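Colleague: The structure follows.
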Amino acid sequence: MASKSKSSNSNSCSSNSSSCNNNNSNKNINDFEEIEQLFFKGKSFCLDFPTSLGPTKKSQYTQFIKKNGGKIDFSITSKTNYYITHLPNIESQSSRTKNALKLNIGILLDTFIYNCFDNKLNSLDFINYLYINGIPANQTINENIIENSISETYFVLNNILSTFKQQTTTTTTTTTTTTTSSTSLNTININTINNNCNYGIDDKEIYEEEYESSELSYGLDMFEESSSSSSSSIFSPVSLISTTQPSPSSLLTFTSLNSNLTSNLYESITNDLNKPSKPLSKFELLLLQKKENNEKKKLEIQKIEEEKKRIKDEQIEIKRKERQDKLDQSQKEKQIKIESEKERRKLVLEKTKSTLTHDQLIKLTKSNITITNTNNTNTNTNNNKNKNNKLKSTSFGLQIDHEGIRIKKEQLKLERLKKIEIEKEEKKREKDERTRLFHDNKNELERIENEEKIRKQKESLESFLKRQEKRLAKEKKEQKEKEDGIIDSTTTIKESEPEVDEDLRKLFVGGINCDDITDSKIVKDLKKLEKIRDKRIQSLLKLFDKFGKVQKRTINSSKGLFFITYVDIESCTKAIQFYSIKENRKAAIDEISKLPKKSPLYNPNKKFYVKIVKSNEKAKKKQIFDKQKIENLKATAKNELQKEQDAEFDDWEIAK
Numbered sequence: 001m002a003s004k005s006k007s008s009n010s011n012s013c014s015s016n017s018s019s020c021n022n023n024n025s026n027k028n029i030n031d032f033e034e035i036e037q038l039f040f041k042g043k044s045f046c047l048d049f050p051t052s053l054g055p056t057k058k059s060q061y062t063q064f065i066k067k068n069g070g071k072i073d074f075s076i077t078s079k080t081n082y083y084i085t086h087l088p089n090i091e092s093q094s095s096r097t098k099n100a101l102k103l104n105i106g107i108l109l110d111t112f113i114y115n116c117f118d119n120k121l122n123s124l125d126f127i128n129y130l131y132i133n134g135i136p137a138n139q140t141i142n143e144n145i146i147e148n149s150i151s152e153t154y155f156v157l158n159n160i161l162s163t164f165k166q167q168t169t170t171t172t173t174t175t176t177t178t179t180t181s182s183t184s185l186n187t188i189n190i191n192t193i194n195n196n197c198n199y200g201i202d203d204k205e206i207y208e209e210e211y212e213s214s215e216l217s218y219g220l221d222m223f224e225e226s227s228s229s230s231s232s233s234i235f236s237p238v239s240l241i242s243t244t245q246p247s248p249s250s251l252l253t254f255t256s257l258n259s260n261l262t263s264n265l266y267e268s269i270t271n272d273l274n275k276p277s278k279p280l281s282k283f284e285l286l287l288l289q290k291k292e293n294n295e296k297k298k299l300e301i302q303k304i305e306e307e308k309k310r311i312k313d314e315q316i317e318i319k320r321k322e323r324q325d326k327l328d329q330s331q332k333e334k335q336i337k338i339e340s341e342k343e344r345r346k347l348v349l350e351k352t353k354s355t356l357t358h359d360q361l362i363k364l365t366k367s368n369i370t371i372t373n374t375n376n377t378n379t380n381t382n383n384n385k386n387k388n389n390k391l392k393s394t395s396f397g398l399q400i401d402h403e404g405i406r407i408k409k410e411q412l413k414l415e416r417l418k419k420i421e422i423e424k425e426e427k428k429r430e431k432d433e434r435t436r437l438f439h440d441n442k443n444e445l446e447r448i449e450n451e452e453k454i455r456k457q458k459e460s461l462e463s464f465l466k467r468q469e470k471r472l473a474k475e476k477k478e479q480k481e482k483e484d485g486i487i488d489s490t491t492t493i494k495e496s497e498p499e500v501d502e503d504l505r506k507l508f509v510g511g512i513n514c515d516d517i518t519d520s521k522i523v524k525d526l527k528k529l530e531k532i533r534d535k536r537i538q539s540l541l542k543l544f545d546k547f548g549k550v551q552k553r554t555i556n557s558s559k560g561l562f563f564i565t566y567v568d569i570e571s572c573t574k575a576i577q578f579y580s581i582k583e584n585r586k587a588a589i590d591e592i593s594k595l596p597k598k599s600p601l602y603n604p605n606k607k608f609y610v611k612i613v614k615s616n617e618k619a620k621k622k623q624i625f626d627k628q629k630i631e632n633l634k635a636t637a638k639n640e641l642q643k644e645q646d647a648e649f650d651d652w653e654i655a656k
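Note that UniProt numbering has the sequence shown beginning at 1, numbered continuously upward.
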C-alpha cells in the first residue's frame, strides 16, 4: 500500500509539475501579449515600409499593430503618435520625415516592428529604435534616468509589498497549509492589494498627474497609460506581481489574516509617508523646471493679451468720445437754431400785437358779422369782399393789405402771360426762318442740277457733231480709196499669232545611267551613285543651251532623264536633229571629258539619247484647232465691229 501511495504521489507530482510548466509558459505568453498591448493600445501609427518588403509582409505587420490595439494612419497628422520608417528616409529626411519633425512626432525604425512581430523584442524596449528631432534617443535620453524615474514612480507599491511579505512570513508557521517563501510573490492577486492599499495608489496617481503636466515629447506616454490603468494591465520592472488567479489555499490564509494585515499595512504606509522626503532626481528637477518655464510663458502671454485688450479698449473709448462729441455739437447747433427761431417769432408777434383784449375781440367780431348780414342785400359784391377782408384782418388783430396783394398777383400773372406770348412769337419766328432757309436751299439745289443737266446735254451734242464729222470724213476717204484702188497701211489689222504649245517646244533626254561603273564599293553605295548621276545630268544640260533660249528644265535624277522646253519650235528641232546623229553625241561626251573635274566618273556615257515628247502629235492637233478658233473669233469680231460702226449713226436721233 505504501508503494502504491508513493507511486501515486509521484505521478501526481509529475502531473503537477507538467501542469505548472504549462501554466508558466501560458503566463509568459499572456504577459508578453499584455506588454505588447501596453505599447500599441490606443496609439496611431503612420507606416512607411521599404518597397522591397512586399505586400504580404506589410499586411502582416499592419494586422499585428491592429491586433494589439493600435491604429493605422495613411498620412502624418497632429493625432499621429509614431511615424515608422526605414533608416535611409530618416538620414535623407524625406518629406514625411520633415512633416513628422515639424509636428514633434516620434520616429521609430521599421526593425522595431519586425522584432516585435517575431517575438525577439519586448515592445517597451523601444528606446534603441526611437529618433527624437532626427537624433537617436539613446544620445538624448540616458537609460539610467528612465529606470530611476520608473523605480521612483512605484516606490509606494514596493514598500507595500515588502511589508506584506514580512507579515506573510510570520504567519505561515502557524497555519496548517504549507506555503513556500519567495521573493516574487507570484500567487497574490493585484486586486486584493488595490482594495486594501488605496492610499499608496492615490499617491502614485498624484505623481503621474505632475508627470503628465510637463508635456515632454520623449515618447514615454506608454508608461503613463500603463501605470494609470492598473486594473487592466500590470507594469512592474522588477516583475514582482502577476495577474494569475490565487489558489484556494492561499485565499484561505489571506482571509484568515485579513484583520491583522490591514492594521499593520496602514501603520507601515503612514510610517513611510511620515519619513523625510527623498532628494529630487535629475528627471524630476527637469520636469519642475519645465513646468515653471511653461507657467512663466503663460503669464507672459497673458500679460501681452491684457495689454492688447487694454489698448483696444482705449481706442474704442476714444472713438466713442469723438462720436459723442459730434452728437453733442449737432444737438447744440439744433438748439441754437430753435432758440433763434423762437426769438424771431416773438419779434413778429410784438410788432403785430393788438391793444384789444380777448373779450373785446369776440364782441367786435359778433357785431361785425350782424352788420355784414344786414348789408349784404344792399351792397354790391366788391363791398362785401372788402368788409370780409376787414373782418378777417381785425378778428385776429392784424392789419393786412389784401387789395395790394391781389393787385401784385394780377400784375405778376400779366407779366407771366406776356412772357409766354413773347416766347411763342419767338419760336414761331424761328420756325418760319428755318422753313424759309430749307426751301431756299432746295430751290438752289434744283437750279444747280438743271444747269448741270443742260451743260451735259450741250457737251453730248457737241461730241455727237464731232463724231458725225469724223464718220463722214472717214466714209468719204474710204469711198475715195475704193475708187482709186489703194489700201492704206494703217488700216491693216495685225493678226496676233497664238502662243505655241509647250509640248511642241519640249524635248526628252534619257539613258543617263551608271552601268559603266564596275567598282563594287561605288555600286553598293546608293548615295554615291545618285550623286554621280546628278553630276552627269548637270554636265549634259549645259550642252543644250547653245541651240536657243531655254524656258524650262525638268530633271528626274532617280530615273536618269530630263526635259528641256525652248522658247520657240526652231530651237527644239535643231537640238533634236543634231543629237540624233551618233557622232555628234560622241563629240559632245569627248568635249565634256576635256573639262576639269574632280573625278572622271562624272563624265556621262555614250548611251544617252534625245527624242521628241510623246504628246507632240496631240499638241500639233491642238495648235491647228486653236488657229481655226482664232480665225472664227476674228470673223465674229469683224462683224461686230461693222455693226457698231453702223450703229453710230443712231446717235442722231438722240441728239435731236
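Beta carbons are placed, not taken as given, at the ideal position from N, Cα and C, and that holds for glycine.
Remember, it's a predicted structure, so these values are computed and weren't measured experimentally.
Quick one: which unbroken alpha helix (DSSP H) runs of 4-plus residues sit fully inside the UniProt domain "RRM" (505–594)? Chain order, please.
Modeller: Runs of the alpha helix (DSSP H) inside the UniProt domain "RRM" (505–594): 520–524, 526–541, 569–579 and 582–594.
Colleague: DSSP three-state label for residue 639, please.
Modeller: In this structure, residue 639 counts as helix in the three-state DSSP scheme.
Colleague: Just to confirm the assignment, what range does the alpha helix (DSSP H) spanning residue 56 have?
Modeller: Where residue 56 is concerned, the enclosing alpha helix (DSSP H) stretches over 55–67.
Colleague: Are there 16 or more other CB atoms within 10 angstroms of the CB of residue 506, so buried, or fewer, so exposed?
Modeller: So residue 506 counts as buried.
Colleague: Would you mind listing the beta strand (DSSP E) stretches within the segment 408–490 that are 3+ residues and don't spill past its ends, in chain order?
Modeller: With a minimum length of 3 residues, no continuous beta strand (DSSP E) run stays inside the segment 408–490.
Colleague: When the Cα atoms are used, what is the spatial distance from residue 304 to residue 133?
Modeller: Computed Cα separation, rounded: 30 Å.
Colleague: Is the beta carbon of residue 106 sitting closer than 8 Å to the one on residue 130?
Modeller: Contact flag set, yes.
Colleague: Apply the 10 Å Cβ neighbour rule to residue 404 and answer buried if 16 or more other Cβ atoms are within range, or exposed otherwise.
Modeller: Exposed, since its Cβ has fewer than 16 Cβ neighbours within 10 Å.
Colleague: Within the same chain, show all residues whose beta-carbon is closer than 6 Å to that of residue 528, passing over the 5 residues directly before and after it, in chain order.
Modeller: Result list for residue 528: 522, in chain order.
Colleague: Can you tell me whether DSSP reads residue 77 as helix, strand or coil?
Modeller: In the structure shown, residue 77 sits in coil (DSSP, three-state: anything other than H, G, I, E or B).
Colleague: Relative to the alpha-carbon of residue 552, which residue among 546, 566, 515 and 510 has its alpha-carbon at the smallest distance?
Modeller: Considering only alpha carbons, the answer is 566.
Colleague: Quick one, are the C-beta atoms of residue 571 and residue 608 less than 8 Å apart?
Modeller: No.
Colleague: Once you ignore the five residues that flank residue 470 on each side, which residues in its own chain have a CB closer than 6 Å to its CB?
Modeller: Correct list: empty, nothing qualifies.
Colleague: Looking at the strands, I want to know which residues DSSP matches up with residue 83.
Modeller: Bridge partners of residue 83: 46 and 107.
Colleague: Where DSSP assigns a beta bridge to residue 297, which residues make up the other side?
Modeller: DSSP, once it has assigned bridges, lists no residue as partnering residue 297.
Colleague: DSSP three-state call for residue 644: helix, strand or coil?
Modeller: Residue 644: helix per DSSP, three-state reduction.
Colleague: Between residue 576 and residue 539, how many whole angstroms is the CB-CB distance? I'm expecting something under 8 Å.
Modeller: Contact flag wrong, Cβ pair sits at about 20 Å.
Colleague: Run the CB neighbour count on residue 438, radius 10 Å, all protein chains shown included, and call it buried at 16 or more, exposed below.
Modeller: It counts as exposed.
Colleague: Considering just the uninterrupted stretch of the alpha helix (DSSP H) at residue 101, what are its terminal residues?
Modeller: Residue 101 -> alpha helix (DSSP H) spans 95–102.
Colleague: Look at residue 544 and residue 555 and say whether their C-beta atoms are less than 8 Å apart.
Modeller: No; because the gap between Cβ atoms is not below 8 Å, this pair is not in contact.
Colleague: Who are the near neighbours of residue 639 in its chain, counting only those whose CB is closer than 6 Å to its CB and skipping five residues on each side?
Modeller: Answer for residue 639: no residue qualifies.
Colleague: What is the rounded straight-line gap between the Cα of residue 294 and the Cα of residue 92?
Modeller: Their backbone Cα atoms lie some 33 Å apart in a straight line.
Colleague: Whose C-alpha, out of 614, 534 and 557, is nearest the C-alpha of residue 508?
Modeller: For the residues 614, 534 and 557, the minimum Cα distance to residue 508 belongs to 614.
Colleague: Name the residue from 56, 55, 66 and 48 whose alpha carbon lies nearest to the alpha carbon of residue 39.
Modeller: For the residues 56, 55, 66 and 48, the minimum Cα distance to residue 39 belongs to 66.
Colleague: Thinking C-alpha only, which one of 549, 114 and 97 is nearest residue 57?
Modeller: Looking at the Cα atoms, 114 is the closest of the given residues.
Colleague: Tell me, please, which residues DSSP counts as bridged to residue 132.
Modeller: Beta-bridge pairing links residue 132 to 135.
Colleague: Alpha carbons only, please: which of 578, 60, 104 and 531 is nearest the one belonging to residue 117?
Modeller: Ranking the options by Cα distance to residue 117, first place goes to 60.
Colleague: Span of the beta strand (DSSP E) holding residue 611?
Modeller: Taken as a continuous stretch (DSSP letters only), the beta strand (DSSP E) holding residue 611 covers 609–612.
Colleague: Go through its chain and collect everything with a Cβ distance to residue 526's Cβ below 6 Å, but skip five positions before and after it.
Modeller: If we look at residue 526 and ignore the five residues flanking it on each side, it has no Cβ neighbours.
Colleague: CB residue 512 to CB residue 536, shorter than 8 Å?
Modeller: In contact: residue 512 and residue 536 (Cβ atoms closer than 8 Å).
Colleague: Can you tell me the Cα-Cα spacing of residue 628 and residue 634, whole angstroms?
Modeller: When rounded, the distance between both Cα atoms is 10 Å.
Colleague: Can you tell me the Cα-Cα spacing of residue 194 and residue 104, whole angstroms?
Modeller: Low confidence applies here, because residue 194 scores a pLDDT of 39, under 50, leaving its location unreliable and the question unanswered by this model.
Colleague: Does the beta-carbon of residue 352 have 16 or more other beta-carbons within 10 angstroms, so that it is buried, or is it exposed?
Modeller: Under this definition residue 352 is an exposed residue.
Colleague: In this structure, does DSSP put residue 41 in helix, strand or coil?
Modeller: If DSSP states are grouped into helix, strand and coil, residue 41 belongs with coil.
Colleague: Report the three-state DSSP secondary structure of residue 400 (helix, strand or coil).
Modeller: Residue 400 falls in the coil class under three-state DSSP.
Colleague: Going by DSSP, name the residue or residues bridged to residue 72.
Modeller: 45, per the DSSP bridge assignment.
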